[in-house]
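These notes are about the structure you will find just below.
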Amino acid sequence: MAEATAESLYQEAVTLAATIFERAHGGQSIDDLPLHQLVERLNAHLKERQELLAYVGHAVSPLGENHYLATHIVNTCLLTLTLGQGLRLPDGELEQLGVCALLYDVGMARILQQATASRGSGGQSPLFEDIKRHPTVGAESLQKMRVQVERAIRVTAEHHERLDGSGYPQGLKGEAVDSWAQIVGLADLYESFTRPRSKRQHQPQAHDLLRELVTQQGLFDSQLVKVLLNQISLYPIGTWVKLNTGAVGRVCGIHQGLPLRPIVELYLESGQMVRPPRKLDLKEIAAVSVKRVVNPADEGVPAAT
Ligand SMILES: [Fe+2]
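Numbering (our numbering), first residue to last: 72 to 376.
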């Protein structure tokens, strides 16, 4: 059977993630097998090409806006697998880690559902106090769902803990935070930064977060942050950049281990639109480099580009 395209595989993953939330809402048990099979395919796809990563930060849920959480989960799972690959975890462990990354935010779905229900009777959006409960609520849900990957319960309970003790709900410190919970937690944070805040905004803020993570040490293991930089690059796919030549383009590919030298699709050169856009691999041309991250609208690139 021919392997699915990135688009159909992504859609399949979001549909499965939505099913996980439905089962969690209903307190039903879940069969791990389809989760393992999906993660295996995502992992294999990611190893061969980067197309799936282009969905992170840009994807609107193929199932509609109400399913944004399912999209968030799939994006986090893709990033988690990318980090796991960078850490050179064996395939068996990667698969288990990937399953954890599909399950870790079921508590958030629960909290949002409760908030929506109370909003119907004049209630409000969830308060931060409620949101802080979601790792615990999620871990309880997974127990009820009889999840077979046992570590998923710990990853869920600890994915918002930070090494310096500033996380929640327990304020765990250092080695007390599960190493897989750290990986999923970093992927989750990165995903939430790269998600566009509105339909009009198409400039991911990943660059800002990465810079912050490098300068503000102590939240995550420094080795893990380094792997993120190497795997995702300082200029992730989809980032608009201005080069030292003055040209403006969008990052369309990255080289692992070369965070400063992505492949850029040039849209604007010498003040003229380039049609069709021309690809420039900064690994090949040492004299050309990224000057800064830009907002394409400020540079005169039409919004529909
Ligand atoms: Fe969360």
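Glycine included, C-beta positions come from ideal geometry on N, C-alpha and C.
Determine the extent of the beta strand (DSSP E) in which residue i is found, giving its start and end residues.
| i | result |
| --- | --- |
| Asp352 | Gln343 to Asp352 |
| Val298 | Counting along the chain, Val298 falls outside any beta strand (DSSP E), though it belongs to the alpha helix (DSSP H) covering Ser293 to Ile303. |
Give the range of the alpha helix (DSSP H) segment to which residue i is assigned.
| i | result |
| --- | --- |
| Gly169 | Asp162 to Leu174 |
| Pro197 | Note, Pro197: premise wrong, no alpha helix (DSSP H); not H, not E. |
| Gly155 | Tyr139 to Gly157 |
| Pro373 | Taken as a continuous stretch (DSSP letters only), Pro373 belongs to no alpha helix (DSSP H), as it is neither H nor E. |
| Val111 | Note on residue identity: the sequence assigns Glu, not Val, to residue 111. Taken as a continuous stretch (DSSP letters only), the alpha helix (DSSP H) holding Glu111 covers Leu104 to Glu119. |
| Arg204 | Here Arg204 belongs to no alpha helix (DSSP H), and DSSP marks it neither H nor E. |
| Ser100 | First-last for Ser100: undefined, no H or E at that position. |
By the 10 Å Cβ neighbour count, where 16 or more other Cβ atoms means buried, how is residue i classified, buried or exposed?
| i | result |
| --- | --- |
| Ile182 | buried |
| Ala357 | exposed |
| Arg204 | buried |
| His96 | exposed |
| Lys354 | exposed |
| Gln302 | buried |
| Thr227 | buried |
| Pro307 | buried |
Who does residue i pair with in a DSSP beta bridge?
| i | result |
| --- | --- |
| Gly245 | DSSP output for Gly245 lists no bridge partner at all. |
| Arg321 | Trp311 and Glu336 |
| Arg443 | Here the chain comprises residues numbered 72 to 376, so residue 443 is not present and cannot be evaluated. |
Taking residue i as the reference, which of the options has the closest Cα?
| i | options | result |
| --- | --- | --- |
| Ile91 | His326, Arg217 and Arg159 | Arg217 |
| Pro348 | His326, Arg321 and Ala252 | Arg321 |
| Glu83 | Gly98, Leu106 and Gln99 | Leu106 |
| His326 | Ala75, Glu119 and Ala77 | Glu119 |
| Thr147 | Arg363, Thr286, Gly289 and Arg266 | Arg266 |
| Val298 | Glu93, Glu78, Arg159 and Gln99 | Arg159 |
| Ser250 | Gln343, Pro240, Leu290 and Gln214 | Leu290 |
| Ala89 | Gly98, Asp102, Tyr139 and Tyr126 | Tyr139 |
| Leu342 | Thr316, Val335, Lys362 and Cys323 | What sits at residue 342 in the sequence shown is Gly, not Leu. Closest option to Gly342, Cα to Cα, is Thr316. |
| Ala252 | Leu87, Gln185, Asp292 and Asp279 | Asp292 |
| Thr76 | Glu93, Asp279, Leu117 and Ile101 | Leu117 |
How about residue i and residue j: are their beta carbons less than 8 Å apart?
| i | j | result |
| --- | --- | --- |
| Val110 | Glu166 | yes |
| Ile254 | Leu124 | no |
| Val170 | Ser212 | no |
| Ala141 | Val85 | yes |
| Leu174 | Ala223 | yes |
| Leu300 | Pro330 | yes |
| Leu305 | Ser360 | no |
| Gly245 | Leu260 | no |
| Leu104 | Leu152 | no |
| Val319 | Leu351 | no |
| Gln121 | Gly328 | no |
| His230 | Pro197 | no |
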